[in-house]
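Engineer: Quick one: structure below, then a few questions.
Residue numbers (the numbering used here): 470 to 547.
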């Protein structure tokens, strides 16, 4: 499946983004943040700052553990 298209559909469904022209074909469309999406901006900015400060220190072992957990979770969802 197309991961980007699925994520755009989800974000549209939950009201975070909206298509700029709902009548246009999906592949020829642009999206914009809704009021709800704009309200998330400060949260996402702070999350970005947190990740810059703390995730730089992750070593390769921790990254491997996180990746393994993601793979395991994906297999359980299938």
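Glycine included, each C-beta is placed from N, C-alpha and C at the ideal position. In this text the structure is predicted, and so the values were computed from the model without any measurement.
Give the straight-line distance between the Cα atoms of residue 524 and residue 537, rounded to the nearest whole angstrom.
Structural biologist: The straight-line gap from Cα to Cα measures roughly 17 Å.
Engineer: Identify the residues that DSSP records as bridge partners of residue 502: which are they?
Structural biologist: Answer is 486.
Engineer: Could you check whether the stretch 474 to 488 touches the stretch 498 to 507, counting it as contact only if at least three pairs of C-beta atoms, one from each stretch, sit closer than 8 Å?
Structural biologist: The stretch 474 to 488 vs the stretch 498 to 507: in contact.
Engineer: If you count every other CB in all the chains shown that lies within 10 Å of the CB of residue 486, and 16 or more means buried, which is it?
Structural biologist: Under this definition residue 486 is a buried residue.
Engineer: Pick helix, strand or coil for residue 494, following the three-state DSSP scheme.
Structural biologist: Looking at residue 494 - three-state DSSP - the assignment turns out to be coil, as it is neither helix nor strand.
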